[in-house]
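To start, the structure itself, in structure tokens.
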Amino acid sequence: ARLTRDYGKKSKLEFAVYPAPQISPLIVEPYNAVLTTHGTLEYADCTFVVDNEAIYDICARNLDVPRPTYTNLNRLIAQVVSTVTASLRFEGSLNVDLIEFQTNLVPYPRIHFPLITFAPIVPVSKAMHDDLSTATITNMCFEPANQMVKCDPRDGKYMSCCLLYRGDVNPNDINSTISSIKSKRSIQFVDWSPTGFKVGINYQPPTAVPGGDLAKVMRAVVMLSNSTAINQAWKRINRKFDLMFKKRAFVHHYVGEGMEEGEFSEARQDLGALELDYKEVEGTDDDR
Numbered sequence: 016a017r018l019t020r021d022y023g024k025k026s027k028l029e030f031a032v033y034p035a036p037q038i039s040p041l042i043v044e045p046y047n048a049v050l051t052t053h054g055t056l057e058y059a060d061c062t063f064v065v066d067n068e069a070i071y072d073i074c075a076r077n078l079d080v081p082r083p084t085y086t087n088l089n090r091l092i093a094q095v096v097s098t099v100t101a102s103l104r105f106e107g108s109l110n111v112d113l114i115e116f117q118t119n120l121v122p123y124p125r126i127h128f129p130l131i132t133f134a135p136i137v138p139v140s141k142a143m144h145d146d147l148s149t150a151t152i153t154n155m156c157f158e159p160a161n162q163m164v165k166c167d168p169r170d171g172k173y174m175s176c177c178l179l180y181r182g183d184v185n186p187n188d189i190n191s192t193i194s195s196i197k198s199k200r201s202i203q204f205v206d207w208s209p210t211g212f213k214v215g216i217n218y219q220p221p222t223a224v225p226g227g228d229l230a231k232v233m234r235a236v237v238m239l240s241n242s243t244a245i246n247q248a249w250k251r252i253n254r255k256f257d258l259m260f261k262k263r264a265f266v267h268h269y270v271g272e273g274m275e276e277g278e279f280s281e282a283r284q285d286l287g288a289l290e291l292d293y294k295e296v297e298g299t300d301d302d303r
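Throughout the sequence shown, residue numbering follows the numbering used here, covering 16 to 303 in sequence.
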């Protein structure tokens, strides 16, 4: 609220990290997730969602780290943040201004939670002599295994898509790859949105953390996509919240810190409304 008041005309972008039972033993995480989402909903213009459960699985499956720690998770998230903000620091033929994320990805003020996908996710042990092609890493972005939120984009529809490349990439390769993806019609866009892809190209190659889990690669891409599939995540959070709140479990801890019980109900109603908002923008064949 303070940022909104002091910097009203500035775009406010947020990276929101949601909890995972595997790594956080804190039983009240569903409360915190719902309360925080409600508390920031009207103040953030664009919120990039990261889900620790998805990152945990990526580390275990793709990076040969069977029991990831917060350090492993944070290093992977840092690669994404670095790529998303690379155009602020480095030269590129198609640099993307941060304000453009809001313009290109957010069709309605509340529908501002793009999914993040990152590729390639290659462990140090499998560092390749032959780097993966632009087409390969782009296609990886449409695989749920590379996605940083636990939901299946094939069960939803895309509203907008932004591909941010860095390193050794050729614009012609990108164009032909996108044309190929469109022609396959394997990804669905909502009826009211053109199947447009916003592209950013930055020539600075990805940087690997010395002693980290990720291999150094020549090129990488982050895809930011506003998809109705994220509704799966909202439903999951809301369900976990409801299981606890119907017993009023641990609510007294929050009340003891000065909150009111009504704030829980208000936050949950807001997230219920968000679920409906996403359902509405997806539409169905019957709506036509």
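Virtual Cβ for every residue (Gly too), placed ideally from N, Cα, C. This structure is a prediction, so every number in the text was calculated from the model and none was measured.
If you ignore the 5 residues before and after D60, its C-beta comes within less than 6 angstroms of the C-beta of S26, K27 and Q117, all in its own chain and listed in chain order. Within the same chain, A31, F128 and V164 come within 6 angstroms of V64 by CB-CB distance, once the 5 residues on both sides are set aside.
V270 sits in a helix when the DSSP states are folded into three classes. By the C-beta criterion, the region 210-230 is judged not to be in contact with the region 151-162, since fewer than 3 inter-stretch pairs fall below 8 angstroms. Per DSSP, the continuous alpha helix (DSSP H) segment holding L286 begins and ends at E276 to E297.
By the C-beta criterion, the region 166-182 is judged not to be in contact with the region 260-273, since fewer than 3 inter-stretch pairs fall below 8 angstroms. Around the Cβ of P225, a 10 Å sphere holds fewer than 16 other Cβ atoms; the residue is exposed.
Annotation: R82 is outside any beta strand (DSSP E) and is labelled neither H nor E by DSSP. Counted as a single uninterrupted DSSP element, the beta strand (DSSP E) harbouring V32 occupies residues L28 to Y33. Assigned with DSSP and collapsed to three states, C177 falls in strand.
The region 249-258 makes no contact with the region 95-105, as fewer than three CB pairs between them are under 8 angstroms. A distance below 7 angstroms between beta-carbons, with the five flanking residues on each side excluded, links V80 to the following residues of its chain, in chain order: C74, N87 and D228.
The C-beta distance from V237 to I126 rounds to 20 angstroms, too long to fall under 8 angstroms, and the pair is not in contact. For T52 against L286, the beta-carbon gap comes to about 6 angstroms, under 8 angstroms, which counts as contact.
When beta bridges are read from the DSSP output, F63 appears opposite F30.
Taking S39 as the centre and dropping the five residues before and after it, the same chain places the C-beta of N67 closer than 8 angstroms to its C-beta, in chain order. Assignment of F128 by DSSP, reduced to helix, strand and coil, places it in the coil class. Secondary structure of F133 (DSSP, three-state): strand. The C-beta distance from A244 to D167 rounds to 6 angstroms, short enough to fall under 8 angstroms. Secondary structure of F157 (DSSP, three-state): coil. DSSP places S39 in the coil class of the three-state scheme, outside both helix and strand. Short of 8 angstroms from the beta carbon of I189, and not among the five residues preceding or following it, lie these beta carbons of its own chain, in chain order: T149, T153, L178, Y180, V214 and I216.
Taking 9 angstroms as the cut-off, the Cβ atoms of Q162 and L120 do not count as close.
By the CB criterion at 9 angstroms, V139 and A230 fall inside the cutoff. DSSP places G54 in the uninterrupted alpha helix (DSSP H) bounded by E44 to L56. Spatial neighbours of A223 in its own chain (CB-CB distance under 6 angstroms, excluding positions within 5 residues in sequence) are listed in chain order as L229 and K231.
DSSP places M259 within a helical segment (H, G or I) once states are collapsed to three.
R76 and A160 do touch by the CB rule: their CB atoms are close to 7 angstroms apart, below 8 angstroms.
Taking 8 angstroms as the upper bound for CB-CB distance, T62 and E106 are not in contact here, some 28 angstroms apart. The beta carbon of V111 is closer than 6 angstroms to those of S102 and G215 in its chain, skipping five residues each way along the sequence. Burial state of P186 is exposed, judged by a 10 Å Cβ sphere holding fewer than 16 other Cβ atoms.
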